[in-house]
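The sequence shown maps to residues 0 to 159 in numbering that gives the first Met the number 0.
Heads up, the beta-carbon is just placed ideally off N, CA and C, and yes, glycines get one too.
Note that this is a predicted model, so its numbers are computed, not measured.
For reference, the structure is listed below as structure tokens.
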Amino acid sequence: MEAIIHDTGIWSIRFLIITLLITPLYYYSKFEVFKTLPKPIGLVAFFYVLNHFLCYAMIDQAGDLGVIVIDIIETPYLIVGWAGFLCLLIVGLASFNSFQDWFNKNRTTMSGLVYTAAVLGVWHFFWQEKVIGYEAVIDAILMTALIIWRLRISTKIASN
Numbered sequence: 000m001e002a003i004i005h006d007t008g009i010w011s012i013r014f015l016i017i018t019l020l021i022t023p024l025y026y027y028s029k030f031e032v033f034k035t036l037p038k039p040i041g042l043v044a045f046f047y048v049l050n051h052f053l054c055y056a057m058i059d060q061a062g063d064l065g066v067i068v069i070d071i072i073e074t075p076y077l078i079v080g081w082a083g084f085l086c087l088l089i090v091g092l093a094s095f096n097s098f099q100d101w102f103n104k105n106r107t108t109m110s111g112l113v114y115t116a117a118v119l120g121v122w123h124f125f126w127q128e129k130v131i132g133y134e135a136v137i138d139a140i141l142m143t144a145l146i147i148w149r150l151r152i153s154t155k156i157a158s159n
């Protein structure tokens, strides 16, 4: 059962990183198909994160809300994971049609929340590992590269 919790978390991070990789792919290739991919892949990432949390809540904690809240408060890596989940929850809610105007006006904020959620997800993954594995290191390297790329492009656009 622990594998289900772990695997849904791993796939959450993978889909978040794939979502964030789409912008650089579009930037360099100009393939129009990349413009349509962030939202659906981001929603897949959100549903994996939601599933990850629900598996933890129902399998690991037997659905006991009191135990879940205490566990989150007392366990640092769960606080980090919960913060990442809340970031994605906001982004996920913005995908509903009634929030589209707000989303379009706050696209930079939404992008920042996705980056924040991804960083928190990788941090959560690192922190909960008993032994740091290669996958956590690769995820951290990819996130660092994506953030550096985003900062360079943002600086370049701002200076033009």
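query                                                                                                                     : result
Contact check, Leu15 vs Gly120, beta carbons under 8 angstroms                                                            : yes
Segment limits, alpha helix (DSSP H) that includes Met109                                                                 : 106–127
Expected contact under 8 angstroms - CB spacing of Val118 and Met142 to nearest Å                                         : 6 angstroms
Neighbourhood of Ile78 by C-beta, 7 angstroms cutoff - its chain only, sequence neighbours within 5 removed               : Ile71
CA-to-CA distance, Tyr25 to Met0, given in whole angstroms                                                                : 39 angstroms
Spatial neighbours of Met109 in its chain, beta-carbon cut-off 7 angstroms, leaving aside the 5 residues before and after : Val90, Ala93, Phe102
CA-to-CA distance, Ala135 to Leu53, given in whole angstroms                                                              : 22 angstroms
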